[in-house]
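Student: This is the structure I want to talk about, given as C-alpha cells.
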Amino acid sequence: MKKITLLFALLITSIGFSQTYDLLESFNGTGYEGAFGGTSAAYDADPTNASIQVVKITSTNGSGEVWQGINVILTNSYKLTSATQLTMQLDVYSTSAITIAPKAQGGVSGAPESVSSVDHSGGGWETLTFTFDKSLDGKVPANGDYNDFALHINWDTGANNFGAPDGRIFYIKNLKGLAVVTASDPVPSAAAAVPTTADANAYSIYNDTNNYTTSFNVQYGFGTSSAVDLDPSAAVNNALKMNLEADGFGQGEGGPDDISSYDFVNFNYWFSNSKGTAGFVFIMIDNDGAVQEFKYQVGISTAASDSADIVENAWTQVSIPMSHFTDLGFDSTKLFQWKVDKYNQSGDNGGFLYLDNIVLTKNVPLSIENNELLGFSMYPNPTNNVLNISAKGAIQNAEIFNVLGKRVKSFNVNDTKETLDVSDLASGIYLVKYAVDGSTGTAKFIKQ
C-alpha cells in the first residue's frame, strides 16, 4: 500500500510540474534585434546544418561592457508566473563551457524584469532550460506576461555577477516558452437579416444588400472600422465592425441632406462588451451653420441617459422615432454626419460593435424577416390581449421591444408554441424578438 501511495504521489507531482515550450523564435533569419555593450552578433549558418540560419554571437576579448549581450524581437508574448511556469528553453551551440544570463523584459502591465543564468557544458548543441525565479542583477523573479527578451552572454556564477568579456563565440536557435494566447475578437455567428422595407420608403445610410435608391452620399469616414462579410455563403452581407475600446466611427457627406420625410432611424447591432459598462451611443449630426450632435444611447436600463436596453451577443434591431432627435433640436433638413461611440463616450468603457442596416424609413420601422427560415408565425395581428407564437423548433425565449428599442416584456418559452399576454401594453407598434435553436428573429405586431 505504501508503494502504491508513493507512486500515486509521484504521478501527481509530475503532472503538476509539466511545462509547455512553445516556439517563440527560431532565429532562422528572424528574431535578432541588435547587440549592446560591445557584443558582435549576426545571422550565420548553423555549424551542424548549413541549410538553416542561426544567430552567431561573439564577445569582445578584454574590452566592452561586462553586461554585453543581444536583444531579441518576438512576434508572440510569453508568460512567466509561479501559477503557470517560470521556465524557458534555448538551444545553444558552444565548444567550450560557458554560462549565460537570459533576461525577461518588456513586461506587460508592470510585470518586472527578471534575469536568470544557465550553464552550457561545451558539447555542441544543447537545449538549455532556465528558470526566472532568481534575483540576479538586482532584478526579481518574473511574474506576468512579457513582450521582449535579451541575452547577457557572460555570467560569473561564483561572483554572482556579469563576467569579464572573454572572446567567447557561440550560436543560438529555438527560443521556447509558454506563449500567451491572444483571444480572437468576438464575431457574430451569422449576418444581420436582410431588410424587406420597400425602396420607396427607405433612405440607406449603411446597407449593402438592398441597393436602395435613396442613400447617404458618403464623402469621408472618421474613426476606425472595417467591413466584415458575415454571410457564410457566396453571397455578401457586410457589417461595420468597431472596437469601441480603441475608437468610434462615423461618416459624413459633402453637404447637409434633407431627411425630414422619414419617420424612423433604424439599425441592427451585435455587441460584445470588453470593458466597463456595456453599451454604446448612436449620434445624428446636423449642420445648420453650426455642427451639432444629438444622441441615442443603448445601455443599462437603470441609467436615465439610456434610451434602450443593451442586448449582448445577438443581432438586435433598434428603431428610433425621428422625433427623438428633432425634440432634442436636430434639424432633419440638414443631416451632415452620423457616428457611434463607446458608452457615455467614456474611456472607461468599450466593446466590439457590429452595425448593419442603418436605414431611415417612412411611416413604420424597418422590416426585417428571419421568420420564414425559422418557421415563425404569430396571430392575431393586430391584437388586443394575447399574441400566439409558434416556430419549427423550440422557442427558447421571447422579448418584446417598443419602437424606442426599450424592452418592455420578456418570456421564457422553451416550446414550439406559446401564448404571450400583451394586455398590459399601451397601443402602438412593437417588435417581438425570439430565439430558435441558437438563431434569432424579429417580427412586428400592432397592439390595439
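Residue numbers (mature numbering (1 follows the signal peptide of the UniProt record, and there is no 0)): -20 to -1, 1 to 428.
All C-beta atoms, glycine included, are put in the ideal place defined by N, C-alpha and C.
None of the values given here were measured: they were computed from a predicted structure.
Give, in chain order, every unbroken run of the beta strand (DSSP E) that is at least 3 residues long and sits entirely within the region 367 to 401.
Tutor: The qualifying runs are 387 to 401.
Student: Tell me where the alpha helix (DSSP H) around threonine 55 begins and ends.
Tutor: No alpha helix (DSSP H) holds threonine 55; the beta strand (DSSP E) holding it covers 49 to 60.
Student: Confirm, please, whether the CB-CB distance from threonine 107 to aspartate 71 is below 8 Å.
Tutor: Contact: yes.
Student: Considering only the beta carbon of each residue, do phenylalanine 7 and leucine 60 sit closer than 8 Å?
Tutor: No, they are not a contact pair.
Student: When you compare only the Cα positions, how much space is there between threonine 67 and serine 115?
Tutor: Whole-angstrom Cα-Cα distance: 15 Å.
Student: Just the Cα atoms here: how many angstroms apart are tyrosine 242 and threonine 341?
Tutor: Tyrosine 242 and threonine 341: Cα-Cα distance of roughly 5 Å.
Student: Going by DSSP, which residues form a beta bridge with proline 82?
Tutor: BP columns for proline 82 point to Leu131.
Student: Measuring CB to CB, does methionine 358 end up less than 8 Å from leucine 346?
Tutor: No, Cβ-Cβ distance for methionine 358 and leucine 346 is not below 8 Å.
Student: When we look at the beta-carbon of lysine 424 and count the other beta-carbons within 10 Å, is it buried (16 or more) or exposed?
Tutor: By the 10 Å Cβ count, lysine 424 comes out buried.
Student: In three-state DSSP terms, what is glutamine 297?
Tutor: In the structure shown, glutamine 297 sits in a strand (DSSP, three-state: E or B).
Student: Smallest Cα separation from tyrosine 249: which of Ala63, Gln325, Ile280, Ala294?
Tutor: For tyrosine 249, the nearest C-alpha among the options comes from Ala294.
Student: How big is the Cα-Cα spacing for phenylalanine 251 and valine 298?
Tutor: Each residue's alpha carbon lies about 13 Å from the other.
Student: Hey, could you find the ends of the beta strand (DSSP E) serine 419 is sitting in?
Tutor: Taken as a continuous stretch (DSSP letters only), the beta strand (DSSP E) holding serine 419 covers 419 to 427.
Student: Compare the C-alpha of valine 52 against each of Asn361, Ala130, Asn181, Lys314 and name the closest.
Tutor: Nearest option by C-alpha distance: Ala130.
Student: Just to confirm the assignment: which complete beta strand (DSSP E) runs, minimum length 3, are found wholly within the region 5 to 41?
Tutor: As far as the region 5 to 41 is concerned, its whole beta strand (DSSP E) runs of at least 3 residues are 12 to 16, 20 to 26, 29 to 38.
Student: Are there 16 or more other CB atoms within 10 angstroms of the CB of aspartate 146, so buried, or fewer, so exposed?
Tutor: Looking at its Cβ environment, which holds fewer than 16 other Cβ atoms inside 10 Å, aspartate 146 is exposed.
Student: Under the three-state reduction of DSSP, which class applies to glutamine 231: helix, strand or coil?
Tutor: DSSP places glutamine 231 in strand when its eight states are reduced to three.
Student: From Lys156, Thr396, Phe391, pick the residue whose C-alpha is nearest to that of valine 402; which is it?
Tutor: Closest option to valine 402, Cα to Cα, is Phe391.
Student: To which residues does DSSP link tyrosine 1 through a beta bridge?
Tutor: Answer is none; tyrosine 1 lacks a bridge partner.
Student: Taking C-alpha atoms, which residue in Asp336, Lys36, Leu4, Gly157 lies nearest to valine 208?
Tutor: Ranking Asp336, Lys36, Leu4, Gly157 by Cα distance to valine 208 puts Asp336 first.
Student: What is the residue span of the beta strand (DSSP E) that leucine 224 lies within?
Tutor: Per DSSP, leucine 224 belongs to no beta strand (DSSP E) and is neither H nor E.
Student: Let me check one thing: in DSSP terms, what residues is lysine 114 bridge-paired to?
Tutor: In DSSP, lysine 114 forms no bridge with anything.
Student: Kindly provide the ranges of any alpha helix (DSSP H) runs that are 4 or more residues long and lie completely inside the region 291 to 336, ordered along the chain.
Tutor: List check, alpha helix (DSSP H) in window: 302 to 308.
Student: Which residue marks the beginning of the beta strand (DSSP E) containing lysine 255, and which one marks its end?
Tutor: Where lysine 255 is concerned, the enclosing beta strand (DSSP E) stretches over 244 to 255.
Student: From this set, Ser254, Phe260, Ala91, Thr55, which residue's C-alpha is nearest valine 320's C-alpha?
Tutor: Ranking the options by Cα distance to valine 320, first place goes to Phe260.
Student: In whole angstroms, give me the CA-to-CA distance for threonine 162 and glycine 269.
Tutor: Looking at the two C-alpha atoms, the distance is approximately 47 Å.
Student: Any idea which residues DSSP pairs serine 206 with across the strands?
Tutor: In DSSP, serine 206 forms a bridge with Lys221.
Student: Tell me whether lysine 413 is buried or exposed, calling it buried when 16 or more other Cβ atoms sit within 10 Å of its Cβ.
Tutor: Under this definition lysine 413 is a buried residue.
Student: Assuming aspartate 188 is part of the beta strand (DSSP E), what are its boundary residues?
Tutor: Taken as a continuous stretch (DSSP letters only), aspartate 188 belongs to no beta strand (DSSP E), as it is neither H nor E.
Student: Hey, alanine 378 and leucine 400: beta-carbon distance below 8 Å or not?
Tutor: Cβ atoms of alanine 378 and leucine 400: closer than 8 Å.
Student: Where do the ends of the beta strand (DSSP E) carrying phenylalanine 262 lie?
Tutor: From DSSP, the beta strand (DSSP E) with phenylalanine 262 extends over 260 to 267.
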